[in-house]
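Asks: Residue numbers (our numbering): 1 to 137.
Note that the Cβ used here is the ideal one computed from N, Cα and C, for glycine as well.
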C-alpha cells in the first residue's frame with residue numbers, strides 16, 4: 001500500500017502532466033473546490049472557477065511545457081513543492097506585459113502545495129518575473 005508521501009507525489013505528478021497537456025478537466029480534478037491559488041507576484045484567487053479562468057487566460061497568451069520536474073513532499077504528505085524549468089512561447093500580449101510576437105523563453109520556477117483530503121488545496125507558483133520580461137522584450 002502506498003504511503004501518504006507517495007500519494008502526494010503521484011497527485012502532483014498528475015497535476016503537472018495535466019498542465020503539460022493543458023487538460024483543464026484533469027487539472028481541476030486534482031484540486032479542492034475551494035483551492036487557493038497564489039499567482040506569481042499577484043493576488044490570491046480562490047475556487048475552481050477562478051482557477052479555470054486563470055488557465056484559460058494562460059492558454060490564450062502562452063504555450064508552456066514544464067520540464068525537469070522535481071517533486072518534494074513533507075513527511076506527512078500534507079505539503080509539497082516542485083522545481084521545474086518552464087519552456088514557453090509568448091503567443092498573445094498579456095495585459096500589463098510587453099507585446100507578444102511568438103518569443104520563446106526558458107526560466108526556472110517553483111510550485112508549492114497544501115493538500116487536503118487527497119487533493120490540492122493551495123497552489124503557489126513563483127518565478128523571476130524580471131527574467132521573463134527580459135527574455136520576451
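(1) What is the rounded straight-line gap between the Cα of residue 82 and the Cα of residue 34?
(2) Can you find the residues in the same chain that come closer than 8 Å, C-beta to C-beta, to residue 61, ignoring five residues on each side of it along the sequence?
(3) Please give me, in chain order, every unbroken run of the beta strand (DSSP E) with length at least 3 that falls completely inside the region 15-103.
(4) If you compare alpha carbons, which of 105, 121 and 9 is closest to residue 127?
(5) Please classify residue 131: does DSSP put it in a helix, a strand, or coil?
(6) For residue 135, collect the residues of the same chain with a Cβ closer than 6 Å to its Cβ; drop the 5 residues on either side in sequence, then sort them by chain order.
(7) Within its chain, find whatever has a CB closer than 8 Å to the CB of residue 115; leave out the 5 residues flanking it on each side and keep chain order.
(8) Within this structure, are the beta carbons of residue 124 and residue 98 separated by less than 7 Å?
Replies: Let me lay it out:
(1) Mapped onto the chain shown, residue 82 falls at position 82. Mapped onto the chain shown, residue 34 falls at position 34. So the two alpha carbons sit approximately 21 Å from each other.
(2) For this step, residue 61 is matched to residue 61 along the chain shown. If we look at residue 61 and ignore the five residues flanking it on each side, its Cβ neighbours are 90, 91, 92, 93, 94 and 100.
(3) The DSSP assignment places 31-38, 44-46, 62-73 and 79-90 as complete runs of the beta strand (DSSP E) inside the region 15-103, in order along the chain (cut-off: 3 residues).
(4) Within the chain shown, numbered from 1, the residue matching residue 127 stands at position 127. Proximity to residue 127 across 105, 121 and 9 peaks at 105, based on C-alpha coordinates.
(5) Numbered from its first residue, the chain shown carries residue 131 at position 131. Residue state, collapsed to three classes: helix.
(6) Here the question's residue 135 lines up with position 135 in the chain shown. Taken in chain order, the residues that qualify are 105.
(7) Walking along the chain shown from the start, residue 115 turns up at place 115. Closer than 8 Å at the Cβ level, and outside the excluded window around residue 115, lie 8, 11, 77, 78, 79, 80 and 121.
(8) Start at 1 with the first residue of the chain shown, and residue 124 comes out as number 124. Start at 1 with the first residue of the chain shown, and residue 98 comes out as number 98. Cβ distance not < 7 Å, so residue 124 and residue 98 don't count as in contact.
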